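Before any comments, here is the structure.
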Amino acid sequence: MRSKITAYEEIVKSIEDGMQIMIGGFLADGTPELLIDAVIESGAKNLTIIGNDTGVPGRGISRLIDTDQVARVITSHVGLNPRTIEKAIAGTLDLQLVPQGTLAEQIRCAGAGLGGALTPTGLGTKVAEGKRQIEVQGKTYLLEEPLHADLALLKSAMSDEFGNSFYEGTCKNFNIVMAYAADTVIVECDQLLEIGDLNPNTVETSGILVDHLIKGAKCDY
Amino acid sequence: MRSKITAYEEIVKSIEDGMQIMIGGFLADGTPELLIDAVIESGAKNLTIIGNDTGVPGRGISRLIDTDQVARVITSHVGLNPRTIEKAIAGTLDLQLVPQGTLAEQIRCAGAGLGGALTPTGLGTKVAEGKRQIEVQGKTYLLEEPLHADLALLKSAMSDEFGNSFYEGTCKNFNIVMAYAADTVIVECDQLLEIGDLNPNTVETSGILVDHLIKGAKCDY
Amino acid sequence: MTINIPIKDIIAKKAAAELFDGAVVNLGIGLPELVANYIPEDVEVILQSENGILGMGPHVTDPAVDHNCFNAGGKCVSLKPGSMLFDTTTSFMFIRGGHVDIAILGALQVDQTGSLASHEIPGKFIPGMGGAMDLAAGAKKLIVATSHTQKGQPKLLEKITFPATAINCVDTIVTELCVIDIVDGRFVVREMSADISKKELEELTAAPLMFNL
Amino acid sequence: MTINIPIKDIIAKKAAAELFDGAVVNLGIGLPELVANYIPEDVEVILQSENGILGMGPHVTDPAVDHNCFNAGGKCVSLKPGSMLFDTTTSFMFIRGGHVDIAILGALQVDQTGSLASHEIPGKFIPGMGGAMDLAAGAKKLIVATSHTQKGQPKLLEKITFPATAINCVDTIVTELCVIDIVDGRFVVREMSADISKKELEELTAAPLMFNL
Numbered sequence: 493m494r495s496k497i498t499a500y501e502e503i504v505k506s507i508e509d510g511m512q513i514m515i516g517g518f519l520a521d522g523t524p525e526l527l528i529d530a531v532i533e534s535g536a537k538n539l540t541i542i543g544n545d546t547g548v549p550g551r552g553i554s555r556l557i558d559t560d561q562v563a564r565v566i567t568s569h570v571g572l573n574p575r576t577i578e579k580a581i582a583g584t585l586d587l588q589l590v591p592q593g594t595l596a597e598q599i600r601c602a603g604a605g606l607g608g609a610l611t612p613t614g615l616g617t618k619v620a621e622g623k624r625q626i627e628v629q630g631k632t633y634l635l636e637e638p639l640h641a642d643l644a645l646l647k648s649a650m651s652d653e654f655g656n657s658f659y660e661g662t663c664k665n666f667n668i669v670m671a672y673a674a675d676t677v678i679v680e681c682d683q684l685l686e687i688g689d690l691n692p693n694t695v696e697t698s699g700i701l702v703d704h705l706i707k708g709a710k711c712d713y
Numbered sequence: 493m494r495s496k497i498t499a500y501e502e503i504v505k506s507i508e509d510g511m512q513i514m515i516g517g518f519l520a521d522g523t524p525e526l527l528i529d530a531v532i533e534s535g536a537k538n539l540t541i542i543g544n545d546t547g548v549p550g551r552g553i554s555r556l557i558d559t560d561q562v563a564r565v566i567t568s569h570v571g572l573n574p575r576t577i578e579k580a581i582a583g584t585l586d587l588q589l590v591p592q593g594t595l596a597e598q599i600r601c602a603g604a605g606l607g608g609a610l611t612p613t614g615l616g617t618k619v620a621e622g623k624r625q626i627e628v629q630g631k632t633y634l635l636e637e638p639l640h641a642d643l644a645l646l647k648s649a650m651s652d653e654f655g656n657s658f659y660e661g662t663c664k665n666f667n668i669v670m671a672y673a674a675d676t677v678i679v680e681c682d683q684l685l686e687i688g689d690l691n692p693n694t695v696e697t698s699g700i701l702v703d704h705l706i707k708g709a710k711c712d713y
Numbered sequence: 016m017t018i019n020i021p022i023k024d025i026i027a028k029k030a031a032a033e034l035f036d037g038a039v040v041n042l043g044i045g046l047p048e049l050v051a052n053y054i055p056e057d058v059e060v061i062l063q064s065e066n067g068i069l070g071m072g073p074h075v076t077d078p079a080v081d082h083n084c085f086n087a088g089g090k091c092v093s094l095k096p097g098s099m100l101f102d103t104t105t106s107f108m109f110i111r112g113g114h115v116d117i118a119i120l121g122a123l124q125v126d127q128t129g130s131l132a133s134h135e136i137p138g139k140f141i142p143g144m145g146g147a148m149d150l151a152a153g154a155k156k157l158i159v160a161t162s163h164t165q166k167g168q169p170k171l172l173e174k175i176t177f178p179a180t181a182i183n184c185v186d187t188i189v190t191e192l193c194v195i196d197i198v199d200g201r202f203v204v205r206e207m208s209a210d211i212s213k214k215e216l217e218e219l220t221a222a223p224l225m226f227n228l
Numbered sequence: 016m017t018i019n020i021p022i023k024d025i026i027a028k029k030a031a032a033e034l035f036d037g038a039v040v041n042l043g044i045g046l047p048e049l050v051a052n053y054i055p056e057d058v059e060v061i062l063q064s065e066n067g068i069l070g071m072g073p074h075v076t077d078p079a080v081d082h083n084c085f086n087a088g089g090k091c092v093s094l095k096p097g098s099m100l101f102d103t104t105t106s107f108m109f110i111r112g113g114h115v116d117i118a119i120l121g122a123l124q125v126d127q128t129g130s131l132a133s134h135e136i137p138g139k140f141i142p143g144m145g146g147a148m149d150l151a152a153g154a155k156k157l158i159v160a161t162s163h164t165q166k167g168q169p170k171l172l173e174k175i176t177f178p179a180t181a182i183n184c185v186d187t188i189v190t191e192l193c194v195i196d197i198v199d200g201r202f203v204v205r206e207m208s209a210d211i212s213k214k215e216l217e218e219l220t221a222a223p224l225m226f227n228l
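Residue numbers (the numbering used here), protein chains in the order written: chain V, 493 to 713; chain A, 493 to 713; chain W, 16 to 228; chain L, 16 to 228.
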């Protein structure tokens, strides 16, 4: 199995203007900070970011909001990042708010070859505007379409060189599902293992989904 | 957390005529044989069984086909159980064949509160007959409806008394998803642990989904 | 002698009394989080956190403990024995699939049809709905825990005016003044503070009240 | 000197030559399983088994080894270093989501439009489609590995007559006699056995052939 270890400089070079990028994490818990550094260093502009939230000031996706690299955010919650709200109200950031469970299913659909999720969530609210409603077995559901990305940036606790990864504690969040739904997947790991060192029962992302791997530092952002 | 350990006799008593029952396993690998014993002992008739396949002669769901307790089977493959094919051709068993990935998603939808799966699988085949087709982002999908059960019978490698469970090797198969999709869930475990003995990262079924738990014998059916 | 207990804690304590032994409970960020401090001793609930925990324990202040476990508000938490950790798709299988018995959410407004507004004041307050819409749609029982009024203005209305978080979903409203069940599109007061009269409660509520005390 | 190699193994060996290094491959039950025996030494593929394995190794005869790991045909198998075990919903995320590079399936019939019949002879043979329909719909490339004829009757047709397993899905057909790519609704012969003429191959095939040798 091929090693996916990639130099930081190569990763920086691969990030382009206008990309749609998924970033794992929940309030920056499980967010790859070194890969966020790489996005900043790339200077890529006009990005669309897909993530559960926009982090907290100084950590996670928040750092990309601060550098004005992001044109659009698709997310469920930005309440702990006042800068995102300011920019959205000022009209300098296109903020698309999506219910958290819907966001997860939209990403899963793109990754699983499914045409969309039929969910009761958001019926009767602004979320339902302009969307198809489908009745099944006497209940009404919203059709939420698949959500795919050019790039997914993920953070694991442990990965082997092939990219098989395990996420600890509450860092699993969006990392596991996003690995299926992007053309290119880059994983930042806390701990780098040799192939064969992860128990096959505990692998949560298969290396077949991972294109590039880099060891991050355990950091205190 | 309440212990879910239940006596075999109680389980036998709870199985009723006409029930729709999901049974975990893949060619009887990961199938709860002691719970199959319980279904046989209950004498319940006119059952609908939902499972990946109907086992192999003498093992798994096959044993219920042999006792004529099953009126209908919803499954993806019966090729290794000649008795199922014989009965289906003779007209004494209603055999409903479903693509394996579709079956898994139908069960997941019921368990996840979703209105159905939009899948490309089966388009242009007999599977598509009588089903709605939905176009999303320029592609056509079949709408496959949720599939729920009265009872799910599952087999774990390890469970704690609350019902938190872990499935080893290729025994995960349908066991994990079925736990979400039935009114009553019964788990047969190889190894019974105390609450707190399973690493929270390795629990694959939460005890909140489990109603009854029984220790099985590692058996050589 | 009266002791000055913060209103939030009065509400949290009353909401905690609505829980039952063995219930799987999700507590929203903010006021509902306080409910965990008032769960009766003879009641054991299993706390779900939508970012990936079943069996969440109390906050821990030492970040070295369970370093990788946080709650949905970003606070470091412990795990109880018998807990499970999982990803977001699994989390919302639990929530949307009806496997959470009770969700307790805060409110900006709530109305007699059971509609809830909790996530947006247009042009002013746009934190996003997070998991609230899924919780409202999926939890078996939805309890709203909120102050009865906001700067003297009623939050319990005939019809919400802020954008809906969910419609026809709320089962029970707990405020510092009363506990209200929503029954057939009406507010039915089940419990009331001894410090207030029916008339005073009606004046602080912008919808008709029925009393079933 | 000729050695009598079983037709199945000739087909399996030719199909194995279609694989590329690093490919994620699912081998159907039956003939396609034999492909694993003929993978070239300089090609490493990652075998997916729809019952829950990525990185499947060879069969093991000692059931004490990896007791809980079986392939989709029910045979006890080993795991290669770097493998992953998972449930059925995850398995079909891999398959349907386009994360499997190549699926190799058997056939009862296959036609020039790329439609495949592999799971049913009405009233006679009804094993079920198992994962075949999902593999046909989801794998990036679908290779059919089959004998060219069945009891002298062609299996490669203008239009399948048995119930379809999938339509317009097959990319390549490997038989003991030739390798055919399906291009714009036509059979294009890319490789041919030295033991047979074009005319003989055309006689054994119930659809027009183009030759691109």
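Each residue gets a CB set at the ideal place from its N, CA and C atoms; glycine is no exception.
A quick note: this is a predicted structure, and the numbers were derived from the prediction, not measured.
Inset, instruction - Could you say if the segment 586 to 593 of chain A and the segment 581 to 589 of chain V meet the contact criterion of at least three C-beta pairs nearer than 8 Å? - result: Contact between the segment 586 to 593 of chain A and the segment 581 to 589 of chain V is absent, because fewer than three Cβ pairs lie under 8 Å.
Legend entry - Interface partners of residue 693 of chain A on chain V, CB under 7 Å: 660
Inset, instruction - Could you check the C-alpha separation between residue 709 of chain V and residue 663 of chain V for me, to the nearest Å? - result: 16 Å
Inset, instruction - Check the C-beta distance from residue 604 of chain V over to residue 108 of chain L and give it rounded, since I have them as a contact under 8 Å. - result: 4 Å
Inset, instruction - Indicate the three-state DSSP secondary structure (helix, strand or coil) for residue 682 of chain V in the structure shown. - result: strand
Inset, instruction - Determine, using beta carbons only, whether residue 163 of chain W and residue 190 of chain W come nearer to each other than 8 Å. - result: yes
Inset, instruction - Could you tell me if residue 638 of chain V is buried or exposed, where buried requires 16 or more neighbouring beta carbons within 10 angstroms of its beta carbon? - result: buried
Legend entry - Opening and closing residue of the beta strand (DSSP E) in which residue 207 of chain W lies: From DSSP, the beta strand (DSSP E) with residue 207 of chain W extends over 201 to 207.
Legend entry - Partners in chain C for residue 99 of chain L, counting only beta-carbon separations shorter than 7 Å: The displayed structure is made up of protein chains V, A, W and L, and chain C is not among them.
Legend entry - Residues of the segment 552 to 576 of chain A whose Cβ lies closer than 7 Å to any Cβ of chain L, in chain order: 567, 568, 569, 570, 571 and 572
Legend entry - Closest Cα partner of residue 549 of chain A within the set A:527, A:515 and A:573: From the listed residues A:527, A:515 and A:573, the smallest Cα separation to residue 549 of chain A is found for A:573.
Inset, instruction - Output the distance between the C-alpha atoms of residue 118 of chain W and residue 157 of chain W, rounded to the nearest integer angstrom. - result: Cα to Cα, the separation comes out at about 5 Å.
Inset, instruction - Return yes when the Cβ of residue 152 of chain L is within less than 8 Å of the Cβ of residue 115 of chain L, no when it is not. - result: no
Inset, instruction - For residue 680 of chain V, I'd like the list of residues in its chain whose CB is within less than 6 Å of its CB, leaving aside the five on either flank, ordered along the chain. - result: 524, 526, 527, 647, 706 and 708
Inset, instruction - For residue 24 of chain W, name the three-state secondary structure that DSSP assigns. - result: helix
Legend entry - C-beta neighbour in chain L for residue 711 of chain A, strict 8 Å: Only weak support exists for where residue 711 of chain A lies, its pLDDT of 48 falling under 50; the value from the coordinates is given anyway. It does not; no Cβ of chain L falls within 8 Å.
Legend entry - Contacts that residue 205 of chain L makes with chain A (C-beta to C-beta distance below 7 Å): None at all; the shortest Cβ gap to chain A is about 26 Å.
Inset, instruction - Can you check DSSP and say which residues form a bridge with residue 41 of chain L? - result: L:63 and L:118
Inset, instruction - Tell me whether residue 227 of chain W is buried or exposed, calling it buried when 16 or more other Cβ atoms sit within 10 Å of its Cβ. - result: exposed
Inset, instruction - Sort out for me which residues DSSP pairs residue 644 of chain V with in a bridge. - result: Paired residues: V:514 and V:677.
Inset, instruction - For the beta strand (DSSP E) containing residue 58 of chain W, list its first residue and its last residue. - result: Here residue 58 of chain W belongs to no beta strand (DSSP E), and DSSP marks it neither H nor E.
Inset, instruction - Counting only the same chain and skipping the five closest in sequence on each side, list residues whose C-beta sits under 6 Å from that of residue 238 of chain L. - result: The question about residue 238 of chain L has no answer, for chain L in this structure spans 16 to 228.
Legend entry - Local conformation of residue 503 of chain A per DSSP, three classes: helix
Inset, instruction - Inspect the CB distances between the segment 116 to 135 of chain W and the segment 39 to 55 of chain W and report whether three or more fall short of 8 Å. - result: yes
Legend entry - Sequence-distant residues of its chain with Cβ nearer than 6 Å to residue 564 of chain A (five each side left out): 540 and 586
Inset, instruction - Take the Cβ of residue 494 of chain A as the centre, count every other Cβ of all protein chains shown within 10 Å, and call the residue buried at 16 or more, exposed below. - result: exposed
Legend entry - Coil, strand or helix - residue 154 of chain L by DSSP: coil
Inset, instruction - Return the bridge partner residues of residue 30 of chain W from the DSSP annotation. - result: Per DSSP, none; premise fails for residue 30 of chain W.
Legend entry - Distance between beta carbons of residue 145 of chain W and residue 651 of chain V, contact taken as under 8 Å: No, residue 651 of chain V and residue 145 of chain W are not in contact; Cβ-Cβ is about 29 Å, not under 8 Å.
Legend entry - Neighbour flag for residue 701 of chain V against chain L, beta carbons, 8 Å: yes
Inset, instruction - Starting from the N-terminal side, write out each stretch of the alpha helix (DSSP H) that is 4 residues or longer and does not extend beyond the segment 567 to 634 of chain A. - result: 574 to 582 and 592 to 604
Inset, instruction - Answer yes or no: do residue 609 of chain V and residue 636 of chain V have a C-beta to C-beta separation smaller than 8 Å? - result: yes
Legend entry - N-terminal and C-terminal residue of the beta strand (DSSP E) that residue 212 of chain W is part of: Counting along the chain, residue 212 of chain W falls outside any beta strand (DSSP E), and DSSP gives it neither H nor E.
Inset, instruction - Compute the Euclidean distance between the alpha carbons of residue 542 of chain V and residue 64 of chain W, then round it to the nearest angstrom. - result: 21 Å
Legend entry - residue 191 of chain L (DSSP reduced to helix, strand or coil): coil
Inset, instruction - Select from L:181, L:44, L:149 and L:202 the residue whose C-alpha is nearest the C-alpha of residue 223 of chain L. - result: L:202
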